[in-house]
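Residue numbers for the sequence shown, in our numbering: 30 to 270.
The beta-carbon is built from N, C-alpha and C at its ideal position, and this holds for glycine as well.
Note that the structure is predicted; figures quoted are calculated from it, not measured.
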Amino acid sequence: MKFSLDILDWQAVAPGINNCADWIQWAQWSGVDAFSGEIPKSAQIPMMAARRMSIGSRFAVDAGLSLLTKHQVDAAIFTSRHGELERTGRILHALAEDDAISPTEFSMSVHNTAAGWLTIISKNTLPVTSLAAGTDSFQQGLLEAQSMLASGASRIMLVDFDGEIPSLYTESVNSEFLPYAMAIILADGDTLQCQRISKNGEIDPLALPQGLQFLRGYLSSSRSFIVSADSRHHWQWTRAL
């Protein structure tokens, strides 16, 4: 499987990384083994709405809003491996303890919470979709974007994110790089080519989230880079000469 595309703009949010220059520095310093610092506040999200969001959704909406102020897009795709797992964990804990479940927690525990918030706050009724495909979620979002571009769309925004997760999962997920969100504007083109390549062996459960693997490679000076997927394959990215 091969495809190509252009990236017109990007935006990312994580604890302690507040601007594009910080992200470029992060991408070049592979020795960073965790996000650290304060959770950045958003100047774009109304305070009452921000209080109701999980950190992951707030980061995703903030990154998306930053790009929507500069670009007209035909649709938005949200990808997340865990979605609102933090909320779901609290709901399950309440059920186990026979406690009352918060209506807010219940209504906002669905996987497309962040996508809904984006359209509400931006007052933009653009088509949105939310995808989850395990460790391969970001790359599957790119394939979804490819189908939209091939169907006539000119600009697609992809927002990849994950929030905090219950401590039960920290042994199998690299929670040191959570929460985060990354948004990119995609267009038809050939400046970046991607192909799926075979791999033998298990995926490293403590690898960077797939979207951050891509961002690190994209912001580096390397002509090609690898984004891991699962035990069967990787994705190899190459910049056009």
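Between residue 214 and residue 38, the C-beta spacing is below 8 Å.
Taking 8 Å as the cut-off, the beta carbon of residue 138 is found no closer than this to the beta carbon of residue 108. Within its own chain, the residues whose Cβ lies closer than 8 Å to the Cβ of residue 133, once the five positions on either side in sequence are excluded, are 81, listed in chain order.
Using a C-beta cut-off of 8 Å, the segment 185-192 makes contact with the segment 96-112, since at least three inter-stretch Cβ pairs fall below that distance. Assigned with DSSP and collapsed to three states, residue 262 falls in strand. When the Cα atoms are used, residue 269 and residue 223 turn out to be separated by approximately 11 Å. In this structure, residue 160 and residue 145 do not form a Cβ contact; the two beta carbons are roughly 15 Å apart against a cut-off of 8 Å.
The Cβ atoms of residue 193 and residue 113 lie no closer than 8 Å to each other. Residue 56 is positioned such that its CB atom lies closer than 8 Å to that of residue 245. Residue 42 carries a strand assignment under DSSP once its states are collapsed to helix, strand and coil.
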